[in-house]
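Colleague: The sequence shown maps to residues 6 to 628 in the working numbering. Virtual Cβ for every residue (Gly too), placed ideally from N, Cα, C. If you're wondering where the values come from, they're calculated on a predicted model, not measured in any experiment. The structure follows.
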Amino acid sequence: MNKTKIQLFALSAITAATLVACGGDGSNTPSTTAPSEATPASLTLEKIGGFSTNQFDVSAAEIPAYDPASQRLFMVNALAGAVDVFDLSDPENPTLIDTLNTNDVLAGSVVNSVAVAKGIVAVAIEAPVKTNLGRMALYRASDLTLLSSRTVGAQPDMITFTPDGNTVLTANEGEPSDDYQIDPEGSISVIDVRDPRAPIVRTASFSAFTGQEASLRAQGIRIYGPGASASQDFEPEYITVSADGKTAYVTLQENNAIAKVDIETASVSNVFPLGEKDHGAIGNEFDASDTDGGTINIRNWAGVAGLYLPDAMASYTATDGKTYLVTANEGDARTWGEDNPAYFAGDTSQGFVEEFRVKHLVNRNGWAGRLNDDLPAHLDELANGGLLNPLVFGYCGAVAGNPNGCRADDQLGRLNVTWTMGYRTDANGAPILFNSSGVEDPAGDRLMYDKLYSFGARSFSIFDEDGMLVFDSGSEIERFLASDDCKVGSARNLNCKDFFNSGHDEGNALDSRSDAKGPEPEGVAVGQIGDKTFAFIGLERMGGILVYDVTNPAAPMRVDYYNTRDDWTNDPSDPAVLPTAGDLGPEGLVFIPAKDSPTGEPLLVVGNEVSGSTAVMRINLSF
6 MNKTKIQLFA
16 LSAITAATLV
26 ACGGDGSNTP
36 STTAPSEATP
46 ASLTLEKIGG
56 FSTNQFDVSA
66 AEIPAYDPAS
76 QRLFMVNALA
86 GAVDVFDLSD
96 PENPTLIDTL
106 NTNDVLAGSV
116 VNSVAVAKGI
126 VAVAIEAPVK
136 TNLGRMALYR
146 ASDLTLLSSR
156 TVGAQPDMIT
166 FTPDGNTVLT
176 ANEGEPSDDY
186 QIDPEGSISV
196 IDVRDPRAPI
206 VRTASFSAFT
216 GQEASLRAQG
226 IRIYGPGASA
236 SQDFEPEYIT
246 VSADGKTAYV
256 TLQENNAIAK
266 VDIETASVSN
276 VFPLGEKDHG
286 AIGNEFDASD
296 TDGGTINIRN
306 WAGVAGLYLP
316 DAMASYTATD
326 GKTYLVTANE
336 GDARTWGEDN
346 PAYFAGDTSQ
356 GFVEEFRVKH
366 LVNRNGWAGR
376 LNDDLPAHLD
386 ELANGGLLNP
396 LVFGYCGAVA
406 GNPNGCRADD
416 QLGRLNVTWT
426 MGYRTDANGA
436 PILFNSSGVE
446 DPAGDRLMYD
456 KLYSFGARSF
466 SIFDEDGMLV
476 FDSGSEIERF
486 LASDDCKVGS
496 ARNLNCKDFF
506 NSGHDEGNAL
516 DSRSDAKGPE
526 PEGVAVGQIG
536 DKTFAFIGLE
546 RMGGILVYDV
556 TNPAAPMRVD
566 YYNTRDDWTN
576 DPSDPAVLPT
586 AGDLGPEGLV
596 FIPAKDSPTG
606 EPLLVVGNEV
616 SGSTAVMRIN
626 LSF
């Protein structure tokens, strides 16, 4: 019997087992014994269907959710500010059947996220002015009837159900206005939806942490928005819920932290820092430059630390009975007012930008030459220039008062870092100043950087339920993308290394993202198949889905990488190129287990924001 027949036989057995568990005829009467799902030895992804909006780089396909009862797929279309509804009964030919618009709930609103449970669709709705309070609405999945809506916090960014479907949670990000003059508090709404026509909203706020900013910073939690309290600075991004439905974990991306929420009391019980990744340590190497002759240069960089800054997060229960958190360590900088020339002319009331290239940050002549270009106004207010500690950065040429070769484009010069961290401070957090010769001097005007902090860890991590790091993939993702074993293209026939760290919105872009966040892991979903748990990780820039067996949280194993981008050389923004370019910029993922799948096979659905396409992938199991 060949491999394909073995797979089909196993899947048929799984489907039959599912029917038996339902009483043998598909009814809801449980059998006395519920057979377990077969455990695969491995798996591969295969794209079997999809839908394209043919809209480039406008987020026309972002976050998917699936309802097994109606066999409908719900996909956030940010371009339309709505949810596209697909018939997924034939996964090879998903059909757009409707669009769910929320203007009847809140005029001029946009949809940020969608979730489904027990035939109910929950939608996170952002107000036309994002700093105003948002809404959560419930619809019947089968016919899109609006059941109810309720006010939640500012800018609900992500929405999810507890496993029993009785509670909806929204991560109310509360981003500031573009000029940073209005900064709403972040929060998590905890909504009882047992009666979907009369939901009850409670709010888990961060008010208990306001006033504790100094202590939180000392723990490693980033609180740094201009004039912001902890409640304002915390920006909830993504939520995952423990299997028992008692605890929610929420990424605070810009703060490099995770909040722990007690669902029963609707309160934040803890906020724990995620720490930093030492890129000088063996196993944590990365490529720091996009202009080093098109070469792949994955190496250690002493004095450089990566901030995890995770976007998506998923949770699962391991064989030890404990909850583990899988994070996609995308990285994200605060860049508000970046399109306002007044900010870069020195007006701090017009925004806040923390991102700056190393070559400009540590120019021995100071950074005044970047005024009216890309010099952040808040940095200009702090000092007139930056230096590198030669005891740390001597390896790339730094001496007292002169960073020398460290600024070179093929060294650290092109790397984007945050200027807000890494410089020497006193006990009160005020900068210790140096003169242009690199000597400590109260009358000096230079900051001394002992460490440089880059955005994202170019990895995925696994943390335990108390925020302790159990595993990090280190440099493995970039090393794999640079290896002979890695292939891209729907036919898996192209060498990854020829397109290493390419951008998702450009053609012929080898190495173009190395100075930023590399392949940029962003989306993550987990799924249990038999006795194994798999993590599906979307790489936003390089594209494609990495699959890891995370059954043992301390020792994940890579089992597949599938990237359906076929055109890597032509500009995908060209309307003539986009239809055949393939899927670009995976954003959200949803795992559909075999028991809920229209075909009885496990599926993975991916929303690709740059190509505006939905990809339906079959998970082929081998035993």
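1) Name the DSSP bridge partner or partners of residue 518?
2) Quick check on the DSSP output: what are the complete beta strand (DSSP E) runs of length 3 or more inside the segment 267 to 303, in order along the chain?
3) What three-state label does DSSP hand residue 585 in the structure shown?
4) Report back the beta-carbon spacing between residue 79 and residue 90 to the nearest angstrom; my notes put them in contact at under 8 Å.
5) I think residue 343 touches residue 331, with their Cβ atoms under 8 Å apart; what is that distance to the nearest whole Å?
6) Name the residue from 560, 99 and 617 whose alpha carbon lies nearest to the alpha carbon of residue 593.
7) Just tell me which of 425, 401, 95 and 234 has its CA closest to the CA of residue 388.
8) Go ahead and pull the three-state DSSP assignment for residue 155.
9) Tell me whether the segment 432 to 441 and the segment 513 to 529 touch, counting them as touching only if at least three CB pairs, one residue from each stretch, are closer than 8 Å.
10) Classify residue 248: buried if its beta carbon has 16 or more other beta carbons within 10 angstroms, exposed otherwise.
11) Using only the alpha-carbon positions, how far apart do residue 300 and residue 291 sit?
12) Count Cβ pairs between the segment 519 to 526 and the segment 554 to 574 that sit closer than 8 Å; are there 3 or more?
13) If you compare alpha carbons, which of 604, 595, 577 and 605 is closest to residue 59?
14) In terms of residues, what are the limits of the alpha helix (DSSP H) holding residue 482?
15) Tell me which residues share the same chain as residue 393 and place their Cβ nearer than 7 Å to its Cβ, disregarding the 5 neighbours each side in the sequence.
16) Quick one, are the C-beta atoms of residue 245 and residue 194 less than 9 Å apart?
17) Alpha carbon to alpha carbon, how far is residue 614 from residue 220?
18) Could you tell me which residues DSSP puts in a beta bridge with residue 3?
19) Would you check if the distance between the CB atom of residue 528 and the CB atom of residue 317 is smaller than 9 Å?
20) Quick check: the segment 113 to 122 against the segment 162 to 170, are there 3 or more CB pairs under 8 Å?
21) Is residue 129 buried or exposed, if buried means 16 or more other CB atoms sit within 10 Å of its CB?
22) At what residues does the alpha helix (DSSP H) containing residue 242 begin and finish?
23) Whose C-beta lies closer than 8 Å to the C-beta of residue 629 among residues of the same chain, with five residues either side of it excluded?
24) Can you give the Cα-Cα distance for residue 141 and residue 205, rounded to whole angstroms?
25) Hey, could you find the ends of the beta strand (DSSP E) residue 69 is sitting in?
26) Output the boundary residues of the beta strand (DSSP E) element that contains residue 447.
27) Would residue 505 and residue 530 qualify as a contact pair, given that the criterion is a beta-carbon distance under 9 Å?
28) What is the rounded straight-line gap between the Cα of residue 628 and the Cα of residue 189?
29) Look at the alpha carbon of residue 598 and the alpha carbon of residue 100, and state the distance between them as a whole number of angstroms.
30) Could you spell out where the alpha helix (DSSP H) holding residue 395 opens and where it closes?
31) How is residue 346 classed by DSSP in three states: helix, strand or coil?
32) First and last residue of the beta strand (DSSP E) that includes residue 192?
33) Between residue 184 and residue 608, what straight-line distance do the alpha-carbon atoms span, to the nearest angstrom?
34) Would you grab the beta carbon distance between residue 581 and residue 570 for me? Rounded to a whole angstrom, and I think it's under 8 Å.
35) Drop a sphere of 10 angstroms on the beta-carbon of residue 269, count the other beta-carbons inside from all chains shown, and report buried for 16 or more, exposed for fewer.
36) Just tell me which of 200, 566 and 152 has its CA closest to the CA of residue 170.
Modeller: Well, looking at it:
1) For the purposes of this step, residue 518 is taken as residue 513 along the sequence shown, with counting starting at 1. Residue 518 pairs with nothing; no bridge assigned.
2) 272 to 278 and 281 to 283
3) Taking the sequence shown and counting its residues from 1, the one referred to as residue 585 is at position 580. If DSSP states are grouped into helix, strand and coil, residue 585 belongs with the helices.
4) If you number the sequence shown from 1, residue 79 lands on position 74. If you number the sequence shown from 1, residue 90 lands on position 85. Yes, residue 79 and residue 90 are in contact; Cβ-Cβ is about 6 Å, under 8 Å.
5) Sequence index remark: in the sequence shown, residue 343 carries index 338 (1-based). Sequence index remark: in the sequence shown, residue 331 carries index 326 (1-based). In fact, because the Cβ distance is near 31 Å, the residues do not count as touching under 8 Å.
6) Within the sequence shown, the letter at position 588 stands for residue 593. Cα-wise, what sits closest to residue 593 is 617.
7) Locating residue 388 in the sequence shown gives position 383, where the first residue counts as 1. Closest by alpha carbon: 425.
8) If you number the sequence shown from 1, residue 155 lands on position 150. Strand.
9) no
10) Counting from 1 along the sequence shown, the entry for residue 248 is found at position 243. The residue in question, residue 248, is exposed, as its Cβ has fewer than 16 Cβ neighbours within 10 Å.
11) In the sequence shown, residue 300 corresponds to position 295, counting from 1. In the sequence shown, residue 291 corresponds to position 286, counting from 1. Approximately 13 Å, taken between the alpha carbons.
12) no
13) Residue mapping note: residue 59 aligns to position 54 of the sequence shown, counting from 1. Among 604, 595, 577 and 605, the Cα nearest to that of residue 59 belongs to 577.
14) Stepping through the sequence shown from its first residue, residue 482 is reached at position 477. First-last of the alpha helix (DSSP H) with residue 482: 481 to 486.
15) On the sequence shown, position 388 is the one that residue 393 refers to. 367, 403, 408, 411 and 454.
16) Within the sequence shown, numbered from 1, the residue matching residue 245 stands at position 240. Within the sequence shown, numbered from 1, the residue matching residue 194 stands at position 189. Contact flag unset, no.
17) On the sequence shown, residue 614 is found 609 positions in, with the first residue counted as 1. On the sequence shown, residue 220 is found 215 positions in, with the first residue counted as 1. If I take the Cα positions, the gap works out to 39 Å.
18) Here the chain comprises residues numbered 6 to 628, so residue 3 is not present and cannot be evaluated.
19) Counting from one through the sequence shown, the residue named residue 528 turns up at place 523. Counting from one through the sequence shown, the residue named residue 317 turns up at place 312. Closer than 9 Å, so yes.
20) yes
21) As a working mapping, residue 129 is identified with position 124 in the sequence shown. Counting Cβ neighbours within 10 Å, residue 129 comes out buried, since at least 16 surround it.
22) The residue given as residue 242 occupies position 237 in the sequence shown. Careful: residue 242 lies outside any alpha helix (DSSP H), inside the beta strand (DSSP E) at 241 to 246.
23) The shown model of the chain, from 6 to 628, leaves out residue 629, and the question about it has no answer.
24) On the sequence shown, residue 141 is found 136 positions in, with the first residue counted as 1. On the sequence shown, residue 205 is found 200 positions in, with the first residue counted as 1. If I take the Cα positions, the gap works out to 11 Å.
25) The residue given as residue 69 occupies position 64 in the sequence shown. Looking at the DSSP string, the run of the beta strand (DSSP E) that includes residue 69 is 69 to 72.
26) As a first step, residue 447 is located in the sequence shown; it is residue number 442 there, counting from the start. Segment: none, residue 447 is in no beta strand (DSSP E) and carries neither H nor E.
27) In the sequence shown, residue 505 corresponds to position 500, counting from 1. In the sequence shown, residue 530 corresponds to position 525, counting from 1. Cβ atoms of residue 505 and residue 530: not closer than 9 Å.
28) Within the sequence shown, numbered from 1, the residue matching residue 628 stands at position 623. Within the sequence shown, numbered from 1, the residue matching residue 189 stands at position 184. Approximately 52 Å, taken between the alpha carbons.
29) Translated into the one-based positions of the sequence shown, residue 598 becomes position 593. Translated into the one-based positions of the sequence shown, residue 100 becomes position 95. C-alpha separation (whole angstroms): 21 Å.
30) Within the sequence shown, the letter at position 390 stands for residue 395. Where residue 395 is concerned, the enclosing alpha helix (DSSP H) stretches over 395 to 398.
31) Residue mapping note: residue 346 aligns to position 341 of the sequence shown, counting from 1. DSSP places residue 346 in helix when its eight states are reduced to three.
32) As a working mapping, residue 192 is identified with position 187 in the sequence shown. Counting along the chain, the beta strand (DSSP E) containing residue 192 begins and ends at 192 to 197.
33) Within the sequence shown, numbered from 1, the residue matching residue 184 stands at position 179. Within the sequence shown, numbered from 1, the residue matching residue 608 stands at position 603. Cα to Cα, residue 184 sits roughly 43 Å from residue 608.
34) The sequence position of residue 581 within the sequence shown is 576, counting from 1. The sequence position of residue 570 within the sequence shown is 565, counting from 1. Going by Cβ atoms, the distance from residue 581 to residue 570 rounds to 16 Å, so no, they are not a contact pair.
35) The sequence position of residue 269 within the sequence shown is 264, counting from 1. The residue is exposed, with fewer than 16 neighbouring Cβ atoms inside 10 Å.
36) Counting from one through the sequence shown, the residue named residue 170 turns up at place 165. Residue 200 is the option with its Cα nearest to residue 170.
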